[in-house]
Amino acid sequence: MNAERTVPVLQLRDLSRVHGSGETAVHALRGLSLSVSAGELVAVMGPSGSGKSTLLALAGGLDTASSGEVLVQGAELGAMSRRELAKLRRRSVGYVFQDFNLLPALTAAENVSLPRELDGTPAKAARREALEALADVGVTDVAERFPDAMSGGQQQRVAIARALVGPRRLLLADEPTGALDSDTGEAVLRLIRRRCDDGAAGLLVTHEARHAAWADRVVFLRDGAMIDDTGRVSTVDSLLTGDPA
Amino acid sequence: MSIRHGLLALLHRQPMYGYQLRSEFEATTGSTWPLNVGQVYTTLGRLERDGCVSANGDDSIGEDLQKTYAITPAGRVELELWFSTPVSRARRPRDELAIKLAMALVAPGVDVGAVVQAQRTDTLRALQEYTRLKTRAEDGELSWLLVLDALIFAAEAEVRWLDHCEARLARHRPAAVTAAAPPVHVSTRVRKPVSR
Numbered sequence: 428m429n430a431e432r433t434v435p436v437l438q439l440r441d442l443s444r445v446h447g448s449g450e451t452a453v454h455a456l457r458g459l460s461l462s463v464s465a466g467e468l469v470a471v472m473g474p475s476g477s478g479k480s481t482l483l484a485l486a487g488g489l490d491t492a493s494s495g496e497v498l499v500q501g502a503e504l505g506a507m508s509r510r511e512l513a514k515l516r517r518r519s520v521g522y523v524f525q526d527f528n529l530l531p532a533l534t535a536a537e538n539v540s541l542p543r544e545l546d547g548t549p550a551k552a553a554r555r556e557a558l559e560a561l562a563d564v565g566v567t568d569v570a571e572r573f574p575d576a577m578s579g580g581q582q583q584r585v586a587i588a589r590a591l592v593g594p595r596r597l598l599l600a601d602e603p604t605g606a607l608d609s610d611t612g613e614a615v616l617r618l619i620r621r622r623c624d625d626g627a628a629g630l631l632v633t634h635e636a637r638h639a640a641w642a643d644r645v646v647f648l649r650d651g652a653m654i655d656d657t658g659r660v661s662t663v664d665s666l667l668t669g670d671p672a
Numbered sequence: 012m013s014i015r016h017g018l019l020a021l022l023h024r025q026p027m028y029g030y031q032l033r034s035e036f037e038a039t040t041g042s043t044w045p046l047n048v049g050q051v052y053t054t055l056g057r058l059e060r061d062g063c064v065s066a067n068g069d070d071s072i073g074e075d076l077q078k079t080y081a082i083t084p085a086g087r088v089e090l091e092l093w094f095s096t097p098v099s100r101a102r103r104p105r106d107e108l109a110i111k112l113a114m115a116l117v118a119p120g121v122d123v124g125a126v127v128q129a130q131r132t133d134t135l136r137a138l139q140e141y142t143r144l145k146t147r148a149e150d151g152e153l154s155w156l157l158v159l160d161a162l163i164f165a166a167e168a169e170v171r172w173l174d175h176c177e178a179r180l181a182r183h184r185p186a187a188v189t190a191a192a193p194p195v196h197v198s199t200r201v202r203k204p205v206s207r
């Protein structure tokens, strides 16, 4: 592992999120710490209401922590103005959702180039980056199609291209295979895995163990706290010595 | 697992030596269930006794290693029967994990939640390892990928069942078992599991 890959892209430090106050306060997250480095994919599992979505929203600067810190590429989100936060979201963070969230009036290439254009990249350069991003996820052939003319799997690939276009290195995925059949869902996970192997940092929220298994680490949340962590799996040979009888 | 029928299926393709059968078996199942050569020859001996295979070779050397085994018509009938008969759930081994959880509920002082959690973490690690093997096996044989998928889906089902157990436990705490014996400590640190 090279040095760049050991630098955390995302750091969550003693993070808490409380909704409401007093007796009706709901503790969505309780003192959670987690870091995701470049080249690493971390999966978050847990029952409904365990804090998975809150965690993802805080990591992407869509919500504000009650206490604790969120650092994306070393920058602390709590210390940023709204304008700075919006800029960070555009430049550093990519989201992938269950229902793809592509803009229906834009082609695949336009969907991918839009965040770059919003960030001030000239249209021609943004389009070039978008086409490169689409090529990276293997859907160059749908670049000029609108979302309603694409399959679910193609739409999710476009969404992954959009999430990691340009300088973005943090991929936040919320049940990205929820709307896909088993085989297509696996292809999407394989792609997310590959993009992380290529240097992105990924945080994947899922309730499917089979999908979480694509991650380097799986952490479990319950009642807003991390109750377990599989750690990194270092060997793949220990299961090949089963009882042959 | 039926080594007997696995060997018959391989011999249905072509006659083979014992060592050859062993390596073909492992290649087809991705070494998930490695065979030792003794098991192969023991099984071949039984198949020959039952008239399902015939052995050809130089008996003067007196070694099984020199024999080529071929499937017989009776062997083909047994193989066809195997493929056409669903695997019976009733004949599968007892589920140790289900028994363990059932016992944990009735044994005094056992933290069933900790048992569930330790097992889930271990099963997820296994799932991660299978998934990595699958990445490696991407261009491998289809048969090996199917075996890996079987392991992956079975492990996933176990995790889902454990999630379900946890939710059920949270809803329905059983009446405390009278502590006639000292409590059993369950570490949530995962120990080396029993082989799957």
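Chains U and P supply the protein sequences, listed in that same order. Each residue of the first sequence is one higher than the one before, counting from 428 in the working numbering. Each residue of the second sequence is one higher than the one before, counting from 12 in the working numbering. Here a beta-carbon is modelled for each residue, glycine too, at the ideal position from N, C-alpha and C. Computed from a predicted model, the values in this text were never measured in an experiment.
Query                                                                                                                                                          : Result
Quick one: using the 10 Å Cβ neighbour count with 16 as the cut-off for buried, is ARG444 of chain U buried or exposed?                                        : buried
Compare the C-alpha of ALA135 of chain P against each of P:TRP172, P:SER99, P:THR79 and name the closest.                                                      : For clarity, residue 135 of chain P is Leu in the given sequence; the question names Ala instead. When each option's Cα is compared against that of LEU135 of chain P, the closest is P:TRP172.
Only counting the same chain, and skipping five residues up and downstream in sequence, which positions put a Cβ closer than 7 Å to that of ARG554 of chain U? : ALA536, SER540
Going by DSSP in three states, MET290 of chain P sits in which element: helix, strand or coil?                                                                 : The structure shown has nothing for residue 290 of chain P, since chain P only spans 12 to 207.
Return yes when the Cβ of GLN438 of chain U is within less than 8 Å of the Cβ of PHE527 of chain U, no when it is not.                                         : no
What residues of chain U sit near VAL170 of chain P, judged by a beta carbon separation below 8 Å?                                                             : ALA636
Under DSSP, the beta strand (DSSP E) around SER464 of chain U begins and ends at which residues?                                                               : 453-464
Going by DSSP in three states, LEU92 of chain P sits in which element: helix, strand or coil?                                                                  : helix
Quick check on GLY547 of chain U: buried or exposed, where buried means 16 or more other Cβ atoms within 10 Å of its Cβ?                                       : exposed
Which of the three DSSP states is assigned to ASN528 of chain U in this structure?                                                                             : coil
Counting only C-beta atoms, is VAL645 of chain U closer than 8 Å to chain P at any point?                                                                      : yes
Checking 8 Å against the spacing of the C-beta atoms, do GLY41 of chain P and LEU159 of chain P come in under that value?                                      : yes
I need the straight-line Cα distance from PRO671 of chain U to TRP44 of chain P, nearest angstrom please.                                                      : Per-residue confidence for PRO671 of chain U stands at a pLDDT of 34, beneath the threshold of 50, marking its modelled position as unreliable; the derived number appears in the next sentence. Those two C-alpha atoms are separated by around 5 Å.
Hey, out of U:ARG659, U:VAL453, U:VAL592, whose CA is closest to VAL523 of chain U's CA?                                                                       : U:VAL592
I need the DSSP call for GLN500 of chain U, collapsed to helix, strand or coil.                                                                                : coil
If you reduce the DSSP assignment to three classes, tell me which class PRO435 of chain U lands in.                                                            : strand
Helix, strand or coil for LEU138 of chain P? Go by DSSP, reduced to three states.                                                                              : helix
If I'm right that ALA606 of chain U touches GLN525 of chain U with Cβ under 8 Å, what's the distance once you round it to whole angstroms?                     : 5 Å
Does the separation of the CB atoms of LEU483 of chain U and VAL497 of chain U fall below 8 Å?                                                                 : no
Would DSSP call THR65 of chain P helix, strand or coil?                                                                                                        : In the sequence under discussion, the amino acid at residue 65 of chain P is Ser, which differs from the Thr named in the question. Looking at SER65 of chain P - three-state DSSP - the assignment turns out to be strand.
With ARG621 of chain U as the anchor, note down where its alpha helix (DSSP H) starts and where it stops.                                                      : 609-624
In chain order, which beta strand (DSSP E) runs of at least 3 residues are fully inside the stretch 525-576 of chain U?                                        : none
Closer than 8 Å by beta-carbon distance: list the chain P residues that pair up with THR451 of chain U, in chain order.                                        : Neighbours of THR451 of chain U on chain P: none; closest Cβ ~22 Å, over 8 Å.
Would you give the residue range spanned by the alpha helix (DSSP H) that LEU162 of chain P belongs to?                                                        : 153-182
Can you find a C-beta in chain P that's less than 8 Å from the C-beta of ILE654 of chain U?                                                                    : yes
Run through the DSSP bridge pairs and tell me what LEU489 of chain U is partnered with.                                                                        : BP columns for LEU489 of chain U are empty, so no partner.
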